[in-house]
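Right, one structure below, let's go through it.
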Amino acid sequence: MSPFPPIPDNGRFGYSAITQRPDFSWPEGQRLAVYIGFNLEHFAFGEGLGAGIGPASPQPDVLNYSWREYGNRVGAWRCLELFDQLCLPTAVLINTALMDHCPELLQAVMARGDELVGHGHSNAFRQSDYAEADERALLAGCRERIAQLQGKPPAGWLSPWISESRTTPDLLAEEGYAYTLNWAHDDQPTPMQTRSGKALWSIPYPQELNDIPMVMGRHLDGCAFAGMVIDNFDEMLAQSQQQSLVMGIALHPYIVGQPYRLRHLRRALQHIAAARDRGAIWITTPGALCAHMQTLQGTAA
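Position in the sequence shown counted from 1, then plus 18, gives you this note's numbering.
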C-alpha cells in the first residue's frame, strides 16, 4: 500500500495501454485515419487574447491584430485553394463571430462540404474564465448559430485556447455535442465519463502537429514543420498495422497561409494525398470518426 495519498485524477477516463486494446478498423478496413483541423478565428480589436508574431504593443495592438486578420482575408483562401487542388476535406473549427465578420469565408467552406466544428464565439476570450451558466450559454449559443448557418448543429467542439472548466465535458454532453477535441492524450478516440451519463467522445487533436505551438512556440520554419508532418505520417502509417490510429493536423491560416509556409505545407499534404490515392489511408473528419466509434461502441471502446 502506498504511503502517499492519491493524487487527483481527471475523472473522465481510466488508463489504457494502446497495445492492450481490442482491435478494430476504420471503414473499408483502413487502419490510419487522417484529418485536417482548419481553425478559422476572429479576434476583438483593442482587447482580449490573441496569438502574436511580435511583442504585444499597448492596445490597440495593430501589428498582431492585423497579422491575424491576414488569415481571414488572404491565408484562408490560399489554403482552401490548396485543399481543393488535392481534394482534401477538412474540419473547419469556427468562431461564430466570423458569421458577422466575414460570412463569405464560411460560405466557401460550406460549399466545399467541410464539417463545421464549434470553436467558441471568439478566440479573444478563454472559456475556462466563464461561470458555469455562462459557459453553458456559450456552448448552446454557438451550437444554435452554427445550426442556423448550415441547417444542422455541429457534432463537435474545440474550446478557444483549449481551455476547460471542471465541468466542460459535462456541459458539452448536456448541450448535445457528440465529441470534444480538447484532449491530446491518445492516438485513438476515447469515451469520456460525464455527470449525466450522456455519451461524449474525445477525438484526438494534435498539439505536436499544430502550427501554433510548433511554429509560433518552438519557432520551426515552414520546411521543418512540413517535414515533421511527413515523418509523423510515415511512422503512424507503419504503426497502424498494429492498431487503428488517428492523425490530426491542426492549421491556422494566418500562419500556414503565409506564402513561404504554404509552399512547404503543399509538399506535406501532397505526400498524404498520394497515400490516399494508393488506398492506404482514410482521409476523413472528426465527425466521421466519432460516428464510426458510435457504431462500434461496446466492442472497440
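Every residue gets a Cβ at the ideal spot worked out from N, C-alpha and C, and that includes glycine.
None of these values were measured; they are calculated from a predicted model.
- Secondary-structure assignment with DSSP links Ser220 through a beta bridge to Thr198, Thr208.
- Every unbroken stretch of the beta strand (DSSP E) spanning 3 or more residues and falling wholly within the region 72-127 is given here in chain order: 109-112.
- Here Met19 is exposed: its Cβ has fewer than 16 other Cβ atoms, across all protein chains shown, within 10 Å.
- Annotation for Leu176: no beta strand (DSSP E) segment contains it, and DSSP assigns it neither H nor E.
- In this structure, the CA atom of Gly93 is about 19 Å from the CA atom of Val135.
- If you check the CB distance, Ala268 and Asn228 come in under 8 Å.
- Counting C-beta pairs closer than 8 Å gives fewer than three between the region 137-155 and the region 164-171, which falls short of the contact rule.
- Within the DSSP secondary-structure output, Tyr53 pairs in a beta bridge with Gly266.
- Contact between the region 246-256 and the region 35-42 is absent, with fewer than three C-beta pairs closer than 8 Å.
- It is roughly 13 Å from the alpha-carbon of Pro224 to the alpha-carbon of Ala51.
- Leu287 and Leu58 have their C-alpha atoms some 19 Å from each other.
- Bounds of the alpha helix (DSSP H) holding Leu283 are 277-295.
- The three-state reading of DSSP puts Gly240 in helix, counting H, G and I together.
- Three or more pairs of CB atoms, one per stretch, sit closer than 8 Å, so the region 215-222 contacts the region 195-205.
- His119 and Gln260 have their C-alpha atoms some 46 Å from each other.
- Glu226 has its alpha-carbon roughly 12 Å from the corresponding atom of Met234.
- Per DSSP, the unbroken beta strand (DSSP E) holding Leu134 starts and ends at 133-136.
- In the three-state reduction of the DSSP assignment, Leu58 falls in the strand class.
- In the DSSP annotation of this structure, the continuous segment of the alpha helix (DSSP H) that includes Tyr272 starts and ends at 271-274.
- For a cut-off of 8 Å, the C-beta gap from Leu111 to Phe56 is around 7 Å, short enough to register as a contact.
- For Ile301, DSSP records a beta bridge to Val52.
- A Cβ-Cβ distance of about 29 Å is found for the pair His203 and Leu116, leaving them out of contact under the 8 Å criterion.
- With fewer than 16 other Cβ atoms from the protein chains shown falling within 10 Å of its own Cβ, Cys105 counts as exposed.
- Glu162: member of the alpha helix (DSSP H) spanning 150-168, first to last residue.
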